[in-house]
Amino acid sequence: MPDKITVAGVSVDTRHWIGGERVASAGTFADHSPIDGSALGEIARGGPAEAEAAVAAARDAFPEWAATPRTERARLLHAIADGVEKRIEELAIVETTDNGALLRSHRRGVIPRVAHNFRFFADWLLSLDHEDFETRGHTNHVSWDPAGPCVLITPWNAPLMLATWKVAPALAAGNTVVLKPAEWSPLTASLLADIAAEAGLPAGVLNVVQGYGSEIGDALTSHPDVRRISFTGSVPTAKRIAESAAAQLTPLSLELGGKSPLLVFADADLELAVDLAVEQYDNAGQVCLAGTRLLVEETVAEEFTRRFVEKATALEQGDPRDETTDIGPNIHPRQLEKIDGFVRRAVAAGARTVIGGHRKDGQYYAPTLLTDVAQDSEIVQEEVFGPVLTLQTFAGEDEAVRLANDTRFGLAATVVTGDRDRAERVTARLVAGTVWVNCFFVRDLQAPFGGSRQSGVGREGGTWSFDFYCDLKNTVTAP
Ligand code: NAD
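So, in structure tokens, the structure goes:
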């Protein structure tokens, strides 16, 4: 197996990054581009031995990194951000080639935000404080102590963005890290290891291991030296990780799937509502937060649907490297199969296809809207993770809220209404980690982020991230 492959002109190391060195594995797995299914190369296929080596490297590097002054940790995180900014073009084209999301959004939005993730948590670290307080003359002092080696496991739909939401606060907090990216999009994590090394991050502070979750996962998540596990991915995998982590009672942060509602009230600006609804096809529907259940007040449903169809059918689907493309491919033939299965079963159960409902050439699925769907049907209750939306109607706030909350998820919700009081009333009754009112996808790293019910456990962002990645200590000193 060659140690390096060239992807869209960029050299990417295919080996693990452990203890400041590139490490090969006996086995490999093939990485393909969803754009045209072409083989990109063979990637090191880690297992328990690589997990053990990476955790050992993180454990050995921990004491020195934990003792490194906050200002120096922050300086190094800013240096990583500088490295990301210097390589925006390379990171953007490699990410697009590997996971099929739009090049223009990687270039202008996602990769600059990756750099911002490091800068934000570096700066937040420096302002992290809790005022001392007194108890009968004794002083209470709260400190955020680094917890230890952290295992970070991430999915393929926004690989570098989701990885750095975890890597940046974990490192800022003084922890060392073992990052395991998804096997369907392993490349930019390897480039991040290069960038961190060039920035001067000491060996063993950030380790990257590649491989199938089923082969390397347990060894990472049950390891007694691991002090935190942060996972973003699907509910079934989260349950397996929780079982594995239970052996050591390792604290977990779980960012999972969703089946979020987008509620459109009759008093809404309908143009805005339609724009927000069409936006749910972004990233070919492979967005955990997507409002895939359109709930529309019955009096405006016909007009809404007419305008939605007009806009959605005008979307350009094709090569994600083209500036004019709106929707790219889906990540993997298996994912495509899964999406198609959901749609076929929904139609067999009586759903009506308003648009789409079929595969296209290559790894593309037509943007789909299904209506006449029952609340307890699979298509309404389960996450498809493809460009498939359902439309249901409601009469009044009570029914809207009942339908919105009636799944096992609670990640996000969007409310579109022209009435501020209604927005407040409805929002208060929704079960969701994030609610957007007359907007979508506005995310500030200061805000808590996470899901309720089976959409997750815990919150990350701002101080919440440091609460998770640190061992909080209260020191009480006598007068
Ligand atoms: P997945 O659960 O299949 O895989 C996620 C990661 O877990 C991959 O790196 C995989 O290799 C690893 N993994 C698999 N089995 C493992 C095991 N036994 N032990 C340890 N690791 C293991 O999820 P996916 O298909 O990659 O991602 C899609 C899912 O992620 C969707 O459900 C989506 O909603 C969710 N997601 C959630 C958020 C959020 O912030 N809430 C963001 C993006 C994606």
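The sequence shown begins at 110 in the numbering used here and counts up one residue at a time. All C-beta atoms in this analysis are idealised placements derived from N, C-alpha and C, irrespective of residue type, glycine included.
Would you kindly check if the distance between the Cβ of residue j and the Cβ of residue i is under 8 Å?
i	j	result
Thr369	Leu237	A small fix is needed here, since residue 369 is Ser in this sequence, not Thr. It is not a contact, given that the beta carbons lie outside the stated cut-off.
Glu173	Pro278	no
Val287	Ala483	no
Ile448	Val387	no
Gly567	Phe577	yes
Phe550	Val497	no
Gln563	Val344	yes
Glu194	Val119	no
Leu404	Leu371	yes
Ser440	Phe340	The question names Ser, yet the displayed sequence has Ile at residue 440. No, Cβ-Cβ distance for Ile440 and Phe340 is not below 8 Å.
Val219	Met270	yes
Gly437	Gly313	no
Ala522	Ser486	no
Gly150	Glu364	no
Thr177	Ile152	no
Phe138	Glu292	yes
Leu234	Ala170	no
Ala148	Ala308	no
Leu301	Ala347	no
Ala160	His332	yes
Measuring straight from C-alpha to C-alpha, what distance separates residue i and residue j?
i	j	result
Leu500	Glu491	14 Å
Asp435	Lys582	49 Å
Ala399	Gln389	5 Å
Val203	Asp334	33 Å
Arg222	Trp545	20 Å
Arg216	Trp274	18 Å
Leu479	His467	12 Å
Pro258	Arg336	6 Å
Asn208	Asp481	33 Å
Val121	His225	23 Å
Thr536	Ala513	11 Å
Pro157	Glu324	7 Å
Pro290	Thr543	25 Å
His125	Ser214	28 Å
Ala587	Ala135	58 Å
Ser362	Val525	30 Å
Asp191	Leu554	19 Å
Asp327	Leu211	33 Å
Ile488	Thr285	41 Å
Asp528	Ala504	16 Å
Thr297	Ala201	9 Å
Asp303	Arg196	11 Å
Ala175	Trp253	11 Å
Ala133	Asn316	13 Å
Gln357	Ile338	11 Å
Ser142	Glu380	36 Å
Arg402	Trp573	29 Å
Leu539	Glu569	20 Å
Glu406	Thr502	5 Å
Cys579	Glu533	34 Å
Phe242	Ile350	39 Å
Ala556	Gly246	35 Å
For my contact list, residue i and residue j are in at a C-beta cut-off of 8 Å; report their separation, rounded to the angstrom.
i	j	result
Thr115	Arg430	Incorrect: roughly 16 Å between the Cβ atoms, too far for contact.
Val456	Phe413	Contact flag wrong, Cβ pair sits at about 22 Å.
Gly283	Pro264	Not a contact, Cβ separation roughly 26 Å.
Gln426	Tyr473	6 Å
Gly367	Gly560	6 Å
Arg154	Gly342	Arg154 to Gly342, Cβ: 19 Å. No contact.
Ala421	Pro476	5 Å
Asp391	Ile144	At roughly 17 Å, the Cβ-Cβ gap does not stay under 8 Å, so Asp391 and Ile144 are not in contact.
Glu508	Arg531	Not a contact, Cβ separation roughly 14 Å.
Thr408	Ala375	5 Å
Thr584	His250	5 Å
Asp140	Pro295	6 Å
Arg416	Val463	Contact flag wrong, Cβ pair sits at about 12 Å.
Gly465	Gly394	Contact flag wrong, Cβ pair sits at about 11 Å.
Gly471	Gly146	7 Å
Determine whether the Cβ of residue i lies closer than 8 Å to any Cβ atom of chain D.
i	result
Met270	Judged by its chain identifiers, the structure shown contains no chain D, having just a single protein chain.
- Would you call the region 223–233 and the region 183–193 in contact, with 3 or more CB pairs under 8 Å? yes
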